[in-house]
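By my numbering, the letter at position 54 of the sequence shown is numbered 293, and the numbering carries on one by one without gaps.
For glycine and all other residues, C-beta sits at the position ideal for the given N, C-alpha and C.
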Amino acid sequence: MKRKVAKAGKLTLSPNEETMLLKEEYERRRKLRLQQVREQQKYIALQIRQKVKQRREEQLRKLEEALRVEWQKAQDQKMKALEKLYLSSLRAIGEGHRQAKENVSETDEYYCQGN
């Protein structure tokens, strides 16, 4: 085998040198591709984490709203029950006053008859 001399006096590579250069170029590209894949994986993982975080925050917000509505309903029911109790107490007081007036008039009649 004769070696061919390249233009302008450049030397050609031996088969071993050429094989080594090809192997180095292959390894360089392989490492570059691995690096790209790792960066893509990091980016994808970051997106997934962000989506999970958003979903969790949305679920917490919905839960908070549901609990707030439930609590408000319970507070409204308690308020209505207390208002009912208050009104019945006022009625009882009013009834007591009416009975006291009747008793006073009956007592007055009793004392008037006794004299």
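With DSSP collapsed to three states, give me the class of residue i.
i    : result
S344 : helix
T251 : coil
My understanding is that residue i touches residue j, with C-beta atoms under 8 Å, so please give their C-beta distance in whole angstroms.
i    : j    : result
L271 : L260 : The Cβ separation is near 16 Å, so there is no contact.
Please go through the same chain and pick out, in chain order, the residues whose beta-carbon is closer than 7 Å to the beta-carbon of residue i, but skip the five residues on each side of it.
i    : result
M240 : Confidence at M240 is low in this model, with a pLDDT of 47, below 50, so the placement of that residue should be treated as unreliable; the coordinate-derived value is given next. None.
Under 6 Å Cβ to Cβ from residue i, same chain only, skipping five residues before and after it: list those, please.
i    : result
E278 : none
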